[in-house]
Structure formats: structure tokens, C-alpha cells
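Reviewing the structure listed below.
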Amino acid sequence: MISKENPDNKIYSELKLADDSTGQSGKELKVTIDDIKTISVSSHIQGENTAAGSYHGSAWLISPFD
Numbered sequence: 001m002i003s004k005e006n007p008d009n010k011i012y013s014e015l016k017l018a019d020d021s022t023g024q025s026g027k028e029l030k031v032t033i034d035d036i037k038t039i040s041v042s043s044h045i046q047g048e049n050t051a052a053g054s055y056h057g058s059a060w061l062i063s064p065f066d
């Protein structure tokens with residue numbers, strides 16, 4: 001993510017997925033969906049040598065179907 005005040009300031013987010021029914025978690029999951037499946041997404045945000053402020057950005061979640 002990039003600071004609105006100073007574009008040189010950046011922070012990074014690491015996404016983690018978790019299958020609520022099996023407890024499986026990580027950056028990638030392989031699951032079987034019979035009817036309804038709940039997958040939680042969490043984000044760990046960190047930055048080095050950055051100032052506090054308002055940051056903006058986006059994350060992509062891609063879910064292919066085999």
C-alpha cells in the first residue's frame with residue numbers, strides 16, 4: 001500500500017486464508033465445496049522506514065475452479 005501523503009512510503013500486506021471447517025490455512029488452499037464453504041481471509045500489514053498516515057491499496061483473491 002502507498003501513503004497518500006508521500007508515495008515513497010510503502011507498507012506491505014501478507015494475506016492468509018483459513019478454511020473454517022477444517023482448520024487448514026496458508027497462502028493457498030485446496031478445498032472441496034459440497035454445498036457452502038466459509039473461507040476467512042486475514043491480513044498482516046507491515047512496513048519499514050515508513051511514517052504513520054493514511055495508506056491505500058488493493059489485494060486480489062483469485063479462486064480457480066477445477
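full-length UniProt numbering puts the sequence shown at residues 1 to 66.
For every residue, glycine included, the Cβ atom is placed at its ideal position computed from N, Cα and C.
Next on the checklist: Using a Cβ distance threshold of 8 Å, determine whether the stretch 48–57 contacts the stretch 24–35, with at least three qualifying pairs required.
Outcome noted: no
Item to check | Close Cβ partners of GLU14 (< 6 Å) along its chain, the five nearest in sequence each way excluded | outcome: Within the sequence shown, numbered from 1, the residue matching residue 14 stands at position 14. The residues are HIS44.
Checklist entry - Hey, quick one: how far does the beta strand (DSSP E) through ALA18 stretch, first residue to last? => result Looking up residue 18 in the sequence shown gives position 18. Element bounds for ALA18: 12–19.
Item to check | Option in VAL31, GLY47 and SER25 with minimal Cα separation from LYS10 | outcome: Here residue 10 refers to the residue found at position 10 when the sequence shown is read from its first residue. Considering only alpha carbons, the answer is GLY47.
Checklist entry - Can you tell which of GLY26, ILE62 and ILE39 has its C-alpha closest to the C-alpha of ASP20? => result As a working note, residue 20 is residue 20 in the sequence shown. Of the candidates GLY26, ILE62 and ILE39, the one whose C-alpha sits nearest the C-alpha of ASP20 is ILE39.
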